[in-house]
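Asks: Here full-length UniProt numbering is used: position 33 in the sequence shown is 33, and no number is missing along the way.
C-beta atoms are modelled at their ideal positions from N, C-alpha and C, and glycine is treated no differently.
Predicted model only: the values in this text are computed from it and were never measured.
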Amino acid sequence: MNEPMMDRVPPHNREAEQSVIGAIFLDPQSLITASEILLADDFYHNAHKQIFETMLRLSDQGKAIDVVTVTEELSAKKEIEDVGGLSYLLELANAVPTAAN
């Protein structure tokens, strides 16, 4: 039996999305590579989509991409609570392990 497409959930991976956002916080230059591959609409979780859009907007404005600037931008647009607040942004920024010694 074929399921109607509307009843099916598109493939998604929350941890992968978190890793992308976290990697950009860790190395803002990686946004260039990510934006060549991904669109904001590629994120299944709306919070991640909003954060990625904010990062792109900051980059387009020539601003730094870090937890502080992303928080300020989301707060100015009254979207900070929609994405889980500062605590979630910090969680994303700290979720990616580094190879630096």
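Would a check of beta-carbon distances place Lys63 closer than 8 Å to chain C?
Replies: Of the protein chains in this structure there is only one, and it is not chain C.
Asks: Determine, using beta carbons only, whether Leu74 and Val68 come nearer to each other than 8 Å.
Replies: What you label residue 74 is simply residue 74 of the sequence shown in a count that begins at 1. What you label residue 68 is simply residue 68 of the sequence shown in a count that begins at 1. No, they are not a contact pair.
Asks: What is the residue span of the alpha helix (DSSP H) that Lys49 lies within?
Replies: One-based indexing of the sequence shown puts residue 49 at position 49. Asn46 to Asp60 is the span of the alpha helix (DSSP H), which, as asked, contains Lys49.
Asks: Which same chain residues end up closer than 8 Å to Ile80 when comparing Cβ atoms and leaving out the 5 residues on each side of it in sequence?
Replies: Taking the sequence shown and counting its residues from 1, one reaches residue 80 at position 80. Same-chain partners within the cutoff: Thr71, Leu74 and Leu86.
Asks: Start and end of the alpha helix (DSSP H) containing Glu79?
Replies: Position 79 of the sequence shown, counted from the first residue, corresponds to residue 79. Element bounds for Glu79: n/a, residue is neither H nor E.
Asks: Identify which residue in Gln61, Glu36 and Asp42 has its Cα closest to the Cα of Ala16.
Replies: As a working note, residue 16 is residue 16 in the sequence shown. Ranking the options by Cα distance to Ala16, first place goes to Asp42.
Asks: Assuming Leu89 is part of the alpha helix (DSSP H), what are its boundary residues?
Replies: The residue labelled residue 89 in the question sits at position 89 within the sequence shown. Per DSSP, Leu89 belongs to the alpha helix (DSSP H) from Gly85 to Asn94.
Asks: Return the Cβ separation of Ile32 and Met55 in integer angstroms, given the expectation that the two are a contact with Cβ distance under 8 Å.
Replies: Translated into the one-based positions of the sequence shown, residue 32 becomes position 32. Translated into the one-based positions of the sequence shown, residue 55 becomes position 55. Not quite, the Cβ-Cβ distance comes to about 11 Å (not below 8 Å), so this is no contact.
Asks: Using a Cβ-Cβ cutoff of less than 8 Å, which residues in the same chain neighbour Ile51 once the five nearest sequence positions on both sides are dropped?
Replies: Counting from one through the sequence shown, the residue named residue 51 turns up at place 51. So the qualifying residues of the chain are Ile21, Val70, Leu74, Val83, Leu89 and Leu92.
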